[in-house]
Structure formats: structure tokens, C-alpha cells
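Participant: In this note's numbering, the protein residues as written are 7 to 134. Yeah, the Cβ is synthetic: ideal placement off N, Cα and C, and Gly gets one too. Have a look at this one before I ask anything.
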Amino acid sequence: DCGCGIGGPARNIARFTGAEIKAVTINQFQVNRGNTLSAREGIRGQVELIQADFMKLPFPDASFDGVYAIESTCHAPDRAGVYSEILRALKPGAIFACYEWCLTDNYDASNAEHRKIKRDIEIGDGLP
7 DCGCGIGGPA
17 RNIARFTGAE
27 IKAVTINQFQ
37 VNRGNTLSAR
47 EGIRGQVELI
57 QADFMKLPFP
67 DASFDGVYAI
77 ESTCHAPDRA
87 GVYSEILRAL
97 KPGAIFACYE
107 WCLTDNYDAS
117 NAEHRKIKRD
127 IEIGDGLP
């Protein structure tokens, strides 16, 4: 889990699938809180939150069968850099899944409703 916050999705995925998940966030408070919640839920051995910068993942090349990011890589200072780093950490043929807000060519900056929707998403998700 790349940019995991306190690890809610990681815990849900671990419980549902039995997967072992390494989750990274740059925020030590989130690591402490997430690991406490994982321990409380009895899955601390399955889900490990680690304080790390997703621009420099602390894992060897080709470490993971899969990586996912949920509304996190939009905060990267260099999108190509974060995706290159994720690719480095993936095993050959592994999967990366990502959920991010983005604008399409249908976005019309002159349309007040489009601007309001965009602004509400930016405020609600703390987007840069």
C-alpha cells in the first residue's frame, strides 16, 4: 500500500484475502496509529505499516507481487518518479493498481459546475 495513511484499506484487504501487506506512509503518527489498529484487530503479523517516502521505497528491486495506491500518488512531487519507484519494487509481470482523481478532456474551465466539482474534490481530498 503506497501512501497508506493509517492503513484501513490494507487491513480490509488482508482480512478479506489473507494477503500479507507492507504499507508505507511518510507520517510516523499514521504508522503508530495504523500498527496499533492492526494489533487490536489481530492482524499485526499480516499488515505492517512502515514510515517511508514512496519516492524512495525501502525495499529491494522486484519485491512485490502487487502494489496499490489509493488517492496518494497525486501528492508526489514527481509523478513519473513515484511510478518509476513503484515499478522498481514490483516483480516482473506484477500488477500496480491506482485510484486517483483526474480531469479528462471533457473538463470545461468556463463551466461553473465543472469548476465547483473540481474545487470540492480538491478541498475534500486535500489535493495539491
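Specify the secondary structure class of Ala-100 as computed by DSSP and reduced to three states.
Facilitator: Correct three-state label for Ala-100: strand.
Participant: Using C-beta distances below 6 Å, list every residue in its chain close to Ala-95, excluding the 5 sequence neighbours before and after it, in chain order.
Facilitator: So the qualifying residues of the chain are Leu-63, Phe-65, Ser-69 and Phe-70.
Participant: Which runs of the alpha helix (DSSP H) fall wholly inside the segment 14-99 and span at least 4 residues, in chain order?
Facilitator: Runs of the alpha helix (DSSP H) inside the segment 14-99: 14-23, 34-46 and 85-95.
Participant: Would you mind stating whether Cys-108 and Phe-60 have Cβ atoms separated by less than 8 Å?
Facilitator: Contact: no.
Participant: Below 8 Å CB to CB, which residues in the same chain sit around Phe-83 once its five sequence neighbours on both sides are set aside?
Facilitator: For the record, residue 83 in the displayed sequence is Pro; it is not Phe. Only Met-61 meet the Cβ criterion.
Participant: Tell whether a beta-carbon distance below 8 Å holds between Gly-40 and Ile-12.
Facilitator: Yes; because the gap between Cβ atoms is below 8 Å, this pair is in contact.
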